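Using my numbering, read the sequence shown as starting at 1 and increasing by one per residue.
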Amino acid sequence: VQLQASGGGLVQAGGSLRLSCAASGSFFSINAMGWYRQAPGKQRELVATITSGGMTNYADSVKGRFTVSVDNAKNTVYLQMSSLKPEDTAVYFCNANSVGDNGYDDSWGQGTLVTVSS
1 VQLQASGGGL VQAGGSLRLS CAASGSFFSI NAMGWYRQAP GKQRELVATI
51 TSGGMTNYAD SVKGRFTVSV DNAKNTVYLQ MSSLKPEDTA VYFCNANSVG
101 DNGYDDSWGQ GTLVTVSS
């Protein structure tokens, strides 16, 4: 599975951004997709995930501000980010759990940088 993320950029604190990530390649199904982020000097952390059935999971730090959604027909996951804070600055990575010829697969996108200025 190949993942192509887009939508990162520079935004002022309090602003909004929308990230998109499209999955392509050969697979039978995608069970879940989501977003993780890695700030400078920190470990990668979960931001939000969503299953193909629509069940969501959010990091406490983004609850109420970020919304994850998925378009199963387009194999695309979105992350709507609002009320952004400088501490949201990080490289955001898309992730997909899929099933293919070789069984379960865990794929990562190349990352998109989000910078929130104070």
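We put the beta carbon where it would ideally sit given N, CA and C, even for glycine.
It should be emphasised that the depicted structure is a prediction, and the values quoted were computed from it without experimental measurement.
Buried versus exposed call for residue i [16 or more other C-beta atoms within 10 Å across all chains shown]
{"i": "residue 9", "result": "exposed"}
{"i": "residue 75", "result": "buried"}
{"i": "residue 3", "result": "buried"}
{"i": "residue 55", "result": "exposed"}
{"i": "residue 25", "result": "exposed"}
{"i": "residue 73", "result": "exposed"}
{"i": "residue 103", "result": "exposed"}
{"i": "residue 34", "result": "buried"}
Neighbourhood of residue i by C-beta distance below 6 Å, restricted to the same chain and skipping five residues each side
{"i": "residue 59", "result": "46, 47"}
{"i": "residue 99", "result": "28, 29"}
{"i": "residue 5", "result": "21, 94, 109, 112"}
{"i": "residue 39", "result": "90"}
{"i": "residue 15", "result": "84"}
{"i": "residue 107", "result": "1, 3, 96"}
Close Cβ partners of residue i (< 8 Å) along its chain, the five nearest in sequence each way excluded
{"i": "residue 66", "result": "47, 48, 58, 79, 80, 81, 82"}
{"i": "residue 13", "result": "84, 85, 86, 116, 117, 118"}
{"i": "residue 41", "result": "none"}
In DSSP terms, what residue i is bridged to
{"i": "residue 33", "result": "50, 96"}
{"i": "residue 71", "result": "76"}
{"i": "residue 22", "result": "4, 76"}
{"i": "residue 17", "result": "81"}
Nearest-angstrom Cβ-Cβ length linking residue i and residue j, presumed shorter than 8 Å
{"i": "residue 31", "j": "residue 97", "result": "5 Å"}
{"i": "residue 37", "j": "residue 91", "result": "7 Å"}
{"i": "residue 114", "j": "residue 88", "result": "6 Å"}
{"i": "residue 77", "j": "residue 21", "result": "5 Å"}
{"i": "residue 1", "j": "residue 105", "result": "6 Å"}
Residues of its chain near residue i, where Cβ-Cβ distance is below 7 Å and the 5 sequence neighbours each way are ignored
{"i": "residue 11", "result": "17, 84, 116"}
{"i": "residue 7", "result": "17, 18, 19, 20, 112"}
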